[in-house]
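Since the structure comes first, as structure tokens, the remarks are kept for the end.
Residue numbers (the numbering used here): 8 to 146.
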């Protein structure tokens with residue numbers, strides 16, 4: 008289990024490809040997954056990790072988390088980015104993250120294997136144009 012899950016503002020539960028946000032008793036369930044977050048990438052040559060996103064709990068070994076992202080075109084000096092979403096190996100004994108390509112340019116998505124784990128959503132990326140800053144919104 009990733010200890011950062013205890014610091015997450017919200018948690019989603021995943022069974023296969025179905026997602027439900029866990030809420031306090033009495034609140035209506037939300038099936039859209041995590042809220043959007045912002046990330047900024049300034050390094051043209053290497054990957055930079057985002058801050059942690061929401062908590063994710065995979066209830067079975069088929070659980071996958073769907074990352075989506077888009078470039079913030081209104082941000083100052085915004086340039087195209089390359090983004091990857093964090094998942095894990097399909098081996099139950101391996102806890103090392105596996106980064107799944109979510110595309111380059113203005114937007115993208117990826118379905119990352121989570122499996123039967125408790126973790127947090129996280130992306131990494133880099134800006135894809137010299138002299139630009141990679142502003143992205145993701146979940």
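Even for Gly, the Cβ is constructed at its ideal location relative to N, Cα and C. The structure presented is a predicted model; accordingly, all values stated were derived computationally and were not measured.
Residue 83 sits in coil when the DSSP states are folded into three classes, being neither helix nor strand. With respect to residue 103, residue 122 sits apart: the two C-beta atoms are not nearer than 8 Å. Taken atom to atom, the span from the alpha-carbon of residue 74 to that of residue 44 is near 11 Å. In the structure shown, residue 44 falls within a strand segment according to DSSP collapsed to helix, strand and coil.
Selection 55, 71, 114 evaluated against residue 77 yields 114 as nearest (Cα-Cα).
Counting only runs of at least 3 residues, the segment 56-80 fully encloses the following beta strand (DSSP E) elements, listed from N- to C-terminal order: 62-65, 71-78.
In the structure shown, residue 123 falls within a coil segment according to DSSP collapsed to helix, strand and coil.
For the set 120, 116, 112, the Cα lying nearest the Cα of residue 105 is the one of 120. In this structure residue 128 is in contact with residue 61, their Cβ atoms being roughly 6 Å apart against a cut-off of 8 Å. Sorting 56, 139, 41, 47 by C-alpha distance to the C-alpha of residue 63 places 41 at the top. A direct Cα-Cα distance of roughly 35 Å separates residue 68 from residue 50.
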